[in-house]
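Chains as they are written, first to last, in our numbering: chain S, 6 to 507; chain W, -14 to 159. First up is the structure itself, then whatever we jot down about it.
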């Protein structure tokens, strides 16, 4: 295990891999700062670049990019009060008031340094989780993995929103898309309409690009405004060292917020938006000056920074071990696993454990580079936020077209991308969730394979295996708990109405 | 910053959302039913998984239809979730507040690009679209538009053709 751990560091430090890591960090840096673009969108647009890469190189590029968006997303939160990423919203609550008080440098020093410490804690937990989870994962068979797939989908649907039925409908639609193509059992074409293009199934790359990229590009075209809007850049950014010292002084906030980030990150569906506010609330509760929260509390800024980066490592644990991503970022990252020929699950903890450990090093090195770069070239980079949104449109449209076409070099890929974009836009416009759809497309093939192996080995008796029953019970609890809570709340509201209106 | 939560309860946008939900659910129900009937003709190995999925899809779509039709109209104060404040920079806000003319113009740009791509290929579509979009929509200067088109064209050519060695979309006559 130790050999694999340090061996993976040697692999990450190879010149070509490091070059890709630095490229990924640079892309993630820009994306994190530009509020118009999100991590999942950029990850989707970058997937075609990984076709010819080795797994560790691909993850150096993609994961390096992804983890850095969390770090640099905090910069615009602090300087302009505009979160670069949805997960950086809590940093704006206290970071921006500090900037308005002329302490922007201190807030940036605190948020960036706490991000680095959070990423170190998260990476340590990820590394420590491998030997702990390995025996658990190896003890599970195909039936358990089939039910785990369903459990992952249930978590994502039930915990991520208020529209549970819509979420499950989208998941069913995603599973339907996943079965398009020639059946691997009997070689029968399913839902292909005699189109040769569909025999290999719906391409994951054009689908992901369309689903996430299409909507973002349309938004830029529709809103036609400068990304930082009417915000003003602070005239000077000083006091960074003070922010670093504040972070070290508030080490307990860093540790607690990181622990919350890792824990929440491990639960599929809860996501970063929830984690940051739990950490923020916890920091407020334990603060000596809770009245300062929302007005410029440095411990609020530290909690947000540390939480974000630790959460990224936490969400990697179920993705790697069970193939259950925690949210949009890891759902798209899961597509990358399949593109580079990796199967999440036991393989990632045995034959490909070096790839898993490389993710630990990539997270640490990428964040260290990003934070160092942020301190060095912070001021000029913040000017990027004043780029007009429509100026990015031609570049993004071309990137989408080329990226989608590269999947199988067919105009069918571009049509798939456009169809996925239409689905993505409709989902956002009418409030239908996209993540269960994508997750079901990604997991559909695996789920069918697990189901066949389970049936082939055990008939239908696999349904009576203890772990399967336990997982089904958890699934039922996850599914029905919000419904029961909703009914109880409605009854309470109704009885309150009856009391107030005689 | 304005938020979508400023929409008054039971106003037309809320009803439109319900109508859209209804239409989308009926559409999905139709797809699941057709897919289910198609899967009935396949062998057990080929059809069992699609039958399970589409059966589940039909049940969920019917359940959703019942909920939409029977449920008492509830003021939708948080159409994007309670903890999600929709801000002017958000994609939800842009989609909800763009007028029909803006939507038509935007979709026309997208349609034009992909039509041009199909007919003329990437090496003609890229500079033509870039210059036209920047000049006419983003109101950029000629100099910026031409320099942007050249730089972006070279960057994408270097990335996809030279570095990755991937084929690019050809035109209809290539």
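Positions of the beta carbon are idealized from the N, C-alpha and C atoms, including for glycine.
inquiry  = For residue 84 of chain W, count the other beta carbons within 10 Å of its own beta carbon; 16 or more makes it buried, fewer makes it exposed. Which is it?
reply    = In the second chain, counting from the first residue as 1, residue 84 of chain W sits at position 99. Exposed is the call here.
Distance, residue 200 of chain S Cα to residue 65 of chain W Cα = Position 80 of the second chain, counted from the start, is the residue given in the question as residue 65 of chain W. Position 195 of the first chain, counted from the start, is the residue given in the question as residue 200 of chain S. Low local confidence applies: a pLDDT of 49 at residue 65 of chain W is under 50, so the model's placement there is unreliable, and no value is given.
query = Between the beta-carbon of residue 118 of chain W and the beta-carbon of residue 351 of chain S, is there less than 7 Å?
reply = Along the second chain, one-based indexing puts residue 118 of chain W at 133. Along the first chain, one-based indexing puts residue 351 of chain S at 346. Between residue 118 of chain W and residue 351 of chain S, the gap from beta carbon to beta carbon reaches 7 Å or more.
task = Closer than 9 Å by beta-carbon distance: list the chain S residues that pair up with residue 22 of chain W, in chain order.
result = To locate residue 22 of chain W, count along the second chain from 1; it is residue 37. Here the premise fails: no neighbours, minimum Cβ distance about 12 Å.
query = With DSSP run on the structure shown, which of helix, strand or coil describes residue 195 of chain S?
reply = Locating residue 195 of chain S in the first chain gives position 190, where the first residue counts as 1. The DSSP-derived three-state label of residue 195 of chain S is strand.
message = For a contact defined as C-beta to C-beta under 9 Å, what are the partners of residue 107 of chain W on chain S?
response = As a working note, residue 107 of chain W is residue 122 in the second chain. Close to residue 107 of chain W, with beta-carbon spacing below 9 Å, are these residues of chain S in chain order: 403, 406, 407 and 410.
query = For the alpha helix (DSSP H) that residue 370 of chain S lies in, which residues bound it at each end?
reply = Position 365 of the first chain, counting from 1, holds the residue named residue 370 of chain S. Residue 370 of chain S: member of the alpha helix (DSSP H) spanning 358 to 381, first to last residue.
ask   = Between residue 19 of chain W and chain S, is there a C-beta pair that is closer than 7 Å?
value = Indexing the second chain from 1 puts residue 19 of chain W at position 34. Judged by the 7 Å Cβ criterion, residue 19 of chain W is not in contact with chain S.
message = Pull the bridge partners of residue 82 of chain S from the DSSP assignment, please.
response = Within the first chain, the letter at position 77 stands for residue 82 of chain S. None; residue 82 of chain S has no bridge partner.
key: Per-residue DSSP class, three states only, for residue 186 of chain S   = The residue you call residue 186 of chain S lines up with position 181 of the first chain. Three-state DSSP puts residue 186 of chain S in a strand.
ask   = When the cut-off is 7 Å and only beta carbons count, does residue 330 of chain S lie next to chain W?
value = For the purposes of this step, residue 330 of chain S is identified with residue 325 of the first chain, where counting begins at 1. Not one chain W Cβ lies under 7 Å of residue 330 of chain S.
request  = Indicate whether at least one CB of chain W lies closer than 7 Å to the CB of residue 18 of chain S.
outcome  = Along the first chain, read from residue 1 onward, the residue named residue 18 of chain S stands at position 13. Not closer than 7 Å to any Cβ of chain W, the Cβ of residue 18 of chain S fails to qualify, so no.
ask   = Between the segment 280 to 292 of chain S and the segment 330 to 340 of chain S, do three or more beta carbon pairs fall short of 8 Å?
value = No: fewer than three Cβ pairs fall under 8 Å.
Beta-carbon neighbours of residue 27 of chain W, restricted to chain S and to distances below 9 Å = If you number the second chain from 1, residue 27 of chain W lands on position 42. In chain order: 188, 191, 193 and 195.
message = Could you compute how far the alpha carbon of residue 297 of chain S sits from the alpha carbon of residue 483 of chain S?
response = As a working note, residue 297 of chain S is residue 292 in the first chain. As a working note, residue 483 of chain S is residue 478 in the first chain. The straight-line gap from Cα to Cα measures roughly 36 Å.
task = Report yes or no: is there a C-beta of chain S within less than 7 Å of the C-beta of residue 155 of chain W?
result = On the second chain, position 170 is the one that residue 155 of chain W refers to. When Cβ-Cβ separations below 7 Å define contact, residue 155 of chain W makes no contact with chain S.
key: Selected residue, minimal CA-CA separation from residue 443 of chain S, among S:425, S:456, S:454 and S:459   = What you label residue 443 of chain S is simply residue 438 of the first chain in a count that begins at 1. For residue 443 of chain S, the nearest C-alpha among the options comes from S:425.
ask   = Taking the alpha-carbon positions, what's the residue 438 of chain S to residue 171 of chain S distance?
value = Taking the first residue of the first chain as 1, we reach residue 438 of chain S at position 433. Taking the first residue of the first chain as 1, we reach residue 171 of chain S at position 166. Each residue's alpha carbon lies about 7 Å from the other.
Chain S within 7 Å of residue 71 of chain W, Cβ atoms only = Reading the second chain from its first residue, position 86 is the one you call residue 71 of chain W. Only weak support exists for where residue 71 of chain W lies, its pLDDT of 46 falling under 50; the coordinates are left without a value.
ask   = So which residues of chain W does residue 393 of chain S contact, with C-beta pairs closer than 8 Å?
value = The residue you call residue 393 of chain S lines up with position 388 of the first chain. Near residue 393 of chain S (Cβ distances below 8 Å), the residues of chain W are 123.
key: Every unbroken alpha helix (DSSP H) inside the segment 432 to 501 of chain S [4 residues or more]   = Listed in chain order, the complete alpha helix (DSSP H) runs (minimum 4 residues) inside the segment 432 to 501 of chain S are 440 to 463.
message = Quick check on the burial criterion: 16 or more other C-beta atoms within 10 angstroms. Buried or exposed for residue 519 of chain S?
response = In the structure displayed, chain S extends from 6 to 507; residue 519 of chain S sits before or after that span and is not available.
ask   = Closer than 7 Å, Cβ to any Cβ of chain W: which residues of the segment 454 to 472 of chain S, in chain order?
value = Only those residues of the segment 454 to 472 of chain S whose C-beta falls short of 7 Å from the nearest C-beta of chain W are listed: 456.
ask   = Taking Cβ to Cβ, would you say residue 156 of chain W is nearer than 7 Å to residue 104 of chain W?
value = Counting from one through the second chain, the residue named residue 156 of chain W turns up at place 171. Counting from one through the second chain, the residue named residue 104 of chain W turns up at place 119. Yes, the Cβ-Cβ distance between residue 156 of chain W and residue 104 of chain W is below 7 Å.
query = For chain S, is any of its Cβ atoms less than 7 Å away from the one on residue 42 of chain W?
reply = Your numbering for residue 42 of chain W matches position 57 in the second chain. For residue 42 of chain W, the nearest CB of chain S lies under 7 Å from its own CB, placing it at the interface with that chain.
query = For residue 16 of chain S, which of S:67, S:152, S:271 and S:363 has the nearest alpha-carbon?
reply = Working through the first chain from its first residue, we reach residue 16 of chain S at position 11. Nearest option by C-alpha distance: S:363.
message = Could you compute how far the alpha carbon of residue 144 of chain W sits from the alpha carbon of residue 54 of chain S?
response = Along the second chain, read from residue 1 onward, the residue named residue 144 of chain W stands at position 159. Along the first chain, read from residue 1 onward, the residue named residue 54 of chain S stands at position 49. Straight-line Cα distance between these residues: approximately 8 Å.
inquiry  = Please classify residue 256 of chain S as buried or exposed, where buried requires at least 16 other C-beta atoms within 10 Å of its C-beta.
reply    = Here residue 256 of chain S refers to the residue found at position 251 when the first chain is read from its first residue. It is exposed - the Cβ of residue 256 of chain S has fewer than 16 other Cβ atoms within 10 Å.
message = Under 7 Å, Cβ to Cβ, is there at least one residue of chain W near residue 60 of chain S?
response = Reading the first chain from its first residue, position 55 is the one you call residue 60 of chain S. Not one chain W Cβ lies under 7 Å of residue 60 of chain S.
query = Measuring CB to CB, does residue 375 of chain S end up less than 7 Å from residue 34 of chain S?
reply = Locating residue 375 of chain S in the first chain gives position 370, counting from the first residue. Locating residue 34 of chain S in the first chain gives position 29, counting from the first residue. Yes.
ask   = Taking 7 Å as the CB-CB limit, is residue 323 of chain S close to chain W?
value = Your numbering for residue 323 of chain S matches position 318 in the first chain. Not one chain W Cβ lies under 7 Å of residue 323 of chain S.
message = Closest to residue 78 of chain W by C-alpha separation, out of S:306, S:435 and S:395, would be which residue?
response = If you number the second chain from 1, residue 78 of chain W lands on position 93. The alpha carbon of residue 78 of chain W has as its nearest neighbour, out of S:306, S:435 and S:395, the alpha carbon of S:435.
Chain W contact for residue 9 of chain S (CB, 7 Å cutoff) = By one-based count along the first chain, residue 9 of chain S stands at place 4. Output row for residue 9 of chain S: interface = no.
message = I'd like to know if residue 31 of chain S contacts chain W, where contact means its C-beta is closer than 7 Å to some C-beta of that chain.
response = On the first chain, position 26 is the one that residue 31 of chain S refers to. For residue 31 of chain S, no CB of chain W lies under 7 Å from its own CB, so it is not counted at the interface with that chain.
inquiry  = With three or more beta-carbon pairs closer than 8 Å as the criterion, would you say the segment 101 to 110 of chain S touches the segment 130 to 147 of chain S?
reply    = No: fewer than three Cβ pairs fall under 8 Å.
request  = Show which residues of chain S have a CB atom less than 7 Å away from the CB atom of residue 83 of chain W.
outcome  = Within the second chain, numbered from 1, the residue matching residue 83 of chain W stands at position 98. Result: 227.
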